[in-house]
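Structure record follows, encoded as structure tokens.
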Amino acid sequence: MLDPKLFREQIDTVRKGIARKKFQVDLEAVLAADEVRRHAVAEFENARALQNSANKEMATMPKGSPEFQAKLAEMKAASARVKELEKKVSEAEEVWKQVSLTVPNIPHDSVPEGRTENDNKVHSTWGDVDQLISPAAKPHWDIAWFSKAIDFERGVKVTGAGFPFYVGDMARLVRALIQFFLEEANSAGYTEVHAPLLVNAASATATGQLPDKEGQMYHAQTDDFYLIPTAEVPVTNFFRDEILDEASLPVKRVGYTPCFRREAGSWGAHVRGLNRLHQFDKVELVKWTHPNESFNELEKLRGDAERILQKLNLPYRVLLICAGDIGFSHSKQYDLEVWAGGQKRWLEVSSCSNFTDFQARRAGIRYRPKDGKVEYVHTLNGSGLGLPRVLAAILENNLQPDGSVVVPEALRRWYGKDTIKF
RNA sequence: GGAGAGGUGGCUGAGUGGCCUAAAGCGCCCGUUUGCUAAAUGGGUGUACCCCAAAAGGGUACCGUGAGUUCGAAUCUCAUCCUCUCCGCCA
2 MLDPKLFREQ
12 IDTVRKGIAR
22 KKFQVDLEAV
32 LAADEVRRHA
42 VAEFENARAL
52 QNSANKEMAT
62 MPKGSPEFQA
72 KLAEMKAASA
82 RVKELEKKVS
92 EAEEVWKQVS
102 LTVPNIPHDS
112 VPEGRTENDN
122 KVHSTWGDVD
132 QLISPAAKPH
142 WDIAWFSKAI
152 DFERGVKVTG
162 AGFPFYVGDM
172 ARLVRALIQF
182 FLEEANSAGY
192 TEVHAPLLVN
202 AASATATGQL
212 PDKEGQMYHA
222 QTDDFYLIPT
232 AEVPVTNFFR
242 DEILDEASLP
252 VKRVGYTPCF
262 RREAGSWGAH
272 VRGLNRLHQF
282 DKVELVKWTH
292 PNESFNELEK
302 LRGDAERILQ
312 KLNLPYRVLL
322 ICAGDIGFSH
332 SKQYDLEVWA
342 GGQKRWLEVS
352 SCSNFTDFQA
362 RRAGIRYRPK
372 DGKVEYVHTL
382 NGSGLGLPRV
392 LAAILENNLQ
402 PDGSVVVPEA
412 LRRWYGKDTI
422 KF
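If you read the first sequence in my numbering, its first letter stands for residue 2, the second for the next number, and so on.
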């Protein structure tokens, strides 16, 4: 949600920003709804003030007195009018709220123009592919022992497509990755949280999954809970409707969770193997920052995610997402894509974003400056990192002619061996 | 799942239909006093929105949430969520 004052005071900024994002929004409807709403509020409040003062008079009158009776008749009419105006206010506010929610966040000035993912800018690349990709590399699903290590068929039997079992040393490698990611985040100053995997509708609304992405989440209908599509949801909502101390900013947290995504409507060859799953593991970095610092903090956040890929010796590139391709609530977004040497494709393993005050406004997360009024914080998040595609890149890039996979140095402390093979 | 008790400001906690503009205490902020600290003492201390060009000022709402009764609701009624105690079930 945008600051309502922006509409009134800087409508051109809003108009330009939305145009850059290629969103179709009826800004005139937003302005008109605000006008109607304010008029209704003023009318109601005047009527209510009148009623309040009359009631105060009545409080001092003897109950059965003629003057009391006269006033009573008069106030019955006033009361009906107040009720009517109150109803108008709530209708007007509902309309205004609905149209306001259709307005996306405004992209930052540093975000490049563009319409689709083809217009995203390559910000930087890391890693010498010739040196880091094994000549034996092949798509991970073609590795001889793949189906023993990551068992999709048993997953289908037990649950359905996209819910694989990781078996034996592969399960151990998954656990090593989680441990490694969390330890890296800890040393970068993020406080670890272990979060609920089901959230209520209020939480899913605050971070923006509802109402837009309702069909993308699994829904436990008996209790009206949603399975989290990312740790961002529970971790960000930790501070929902709270006022933080300015001195505590930036608050930095990291959470490991499984993530659940219905991914309705996606299928095909490019989603084979580990590329796209209904349940997957992810370590998520979340920050709550001072508004003046959020874009600096975004660069640091991206650096924190990049460092992990570097330590794993995985070549990657950083994309600066163009205005037409960044999400609805994002102001600026970088994607980290790892090179999967077997598939010879870039795979997105992290998306680092600054939501400015857009999400904080929905979620009611603010801070109290030393002097002055409370303000909304800026929220940021980024994966640090998503597991399956990192795992895919490790398996492909490090595949040896003998069919074993060399485990990156950084993981061995947690994995306990230097190769994996079935 | 059943029975009972409860949900009030940053915190504790009073308030059972009308000066509630929510007592009192604690905490916090600004003073005064005081070798320092402490103590004492005076004052202040929420959020959102509306009116006003702005400031000053004025107004409205908010006592878990939502409906209702009433001229008037923190207070009465209903629903709902949550917390605690006991019982049941259970990893």
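Cβ coordinates follow ideal geometry from the N, Cα and C atoms, glycine included. Since we're looking at a predicted model, the values are computed, not measured.
Helix, strand or coil at residue i [DSSP, three-state]
i: Glu424; result: This structure cannot speak to residue 424, because the chain is shown only from 2 to 423.
i: Ala81; result: helix
i: Pro5; result: helix
i: Val284; result: strand
i: Ala48; result: helix
i: Glu264; result: coil
i: Leu86; result: helix
i: Asp110; result: coil
i: Arg38; result: helix
i: Phe69; result: helix
i: Arg16; result: helix
i: Val311; result: Checking the sequence, you will find Gln at residue 311 rather than Val. Helix at Gln311.
i: Thr160; result: coil
i: Phe166; result: strand
i: Leu178; result: helix
i: Trp146; result: coil
i: Ile229; result: coil
i: Val375; result: coil
i: Gly385; result: strand
i: Ala365; result: Residue identity check: residue 365 is Gly in the sequence provided, not Ala. Here Gly365 sits in coil by DSSP.
i: Arg413; result: helix
i: Ile395; result: helix
i: Thr206; result: helix
i: Pro235; result: helix
i: Thr126; result: strand
i: Arg254; result: strand
Proximity winner among the options, relative to residue i (alpha-carbon distances)
i: Asn293; options: Leu7, Asn382, Glu247; result: Glu247
i: Ala33; options: Leu51, Thr14, Pro5; result: Pro5
i: Gly18; options: Ile327, Tyr219, Val339, Ser148; result: Ile327
i: Glu92; options: Gly115, Leu51, Ala41, Asp129; result: Ala41
i: Glu298; options: Gln401, Leu315, Val378, Ala324; result: Val378
i: Leu133; options: Thr420, Gly404, Glu397; result: Glu397
i: Leu228; options: Leu211, Ser249, Cys260, Leu245; result: Cys260
i: Asn121; options: Pro402, Lys149, Lys22, Ile107; result: Lys22
i: Leu302; options: Asp225, Asn382, Thr237, His331; result: Asn382
i: His279; options: Met171, Ala221, Thr237, Gly156; result: Gly156
i: Ala324; options: Val112, Glu264, Asp170, Thr206; result: Val112
i: Lys149; options: Tyr167, Ala162, Ser135, Ser384; result: Tyr167
i: Ser384; options: Ala232, His291, Glu243, Thr420; result: Ala232
i: Arg429; options: Ala162, Cys353, Gly387; result: The question about residue 429 has no answer here: the residues shown for the chain are numbered 2 through 423.
i: Ile322; options: Thr208, Thr117, Lys312; result: Thr117
i: Asn355; options: Glu29, Thr208, Ala20; result: Thr208
Straight-line Cα distance separating residue j from residue i
i: Asp282; j: Arg173; result: 13 Å
i: Ala186; j: Lys333; result: 22 Å
i: Val83; j: Ala48; result: 6 Å
i: Phe239; j: Val350; result: 25 Å
i: Asn314; j: Asp213; result: 37 Å
i: Glu75; j: Ala50; result: 15 Å
i: Glu94; j: Arg308; result: 47 Å
i: Gly65; j: Lys89; result: 34 Å
i: Ala55; j: Asp358; result: 42 Å
i: Gly115; j: Glu46; result: 47 Å
i: Val37; j: Glu58; result: 32 Å
i: Leu348; j: Glu87; result: 53 Å
i: Thr160; j: Glu154; result: 10 Å
i: Lys345; j: Gly169; result: 28 Å
i: Glu243; j: Lys288; result: 15 Å
i: Phe8; j: Thr290; result: 24 Å
i: Ser188; j: Glu85; result: 59 Å
i: Pro409; j: Tyr219; result: 34 Å
i: Arg362; j: Asp131; result: 47 Å
i: Val175; j: Ala43; result: 59 Å
Integer Cβ distance of residue i from residue j, believed to fall under 8 Å
i: Val234; j: Gln210; result: 6 Å
i: Val407; j: Lys422; result: Actually they are not in contact, since the Cβ atoms of Val407 and Lys422 sit about 10 Å apart, beyond 8 Å.
i: Ala393; j: Asn276; result: 7 Å
i: Gln360; j: Thr192; result: That pair is no contact at about 20 Å.
i: His109; j: Phe296; result: 7 Å
i: Ala145; j: Gly404; result: 6 Å
i: Thr258; j: Ala306; result: Contact doesn't hold; Cβ gap of about 17 Å is too wide.
i: Ser101; j: Met2; result: 6 Å
Is there contact here, the stretch 335-343 with the stretch 133-146, by at least three beta-carbon pairs under 8 Å? Because the criterion of three Cβ pairs below 8 Å is met, the stretch 335-343 and the stretch 133-146 touch.
Is the number of C-beta pairs between the stretch 346-366 and the stretch 376-391 that are closer than 8 Å three or more? yes
Quick test of the definition: if touching needs 3 or more C-beta pairs under 8 Å, does the stretch 167-182 touch the stretch 414-422? yes
With a threshold of 8 Å, are at least 3 pairs of Cβ atoms found where one atom belongs to the stretch 248-265 and the other to the stretch 306-325? No, the stretch 248-265 is not in contact with the stretch 306-325.
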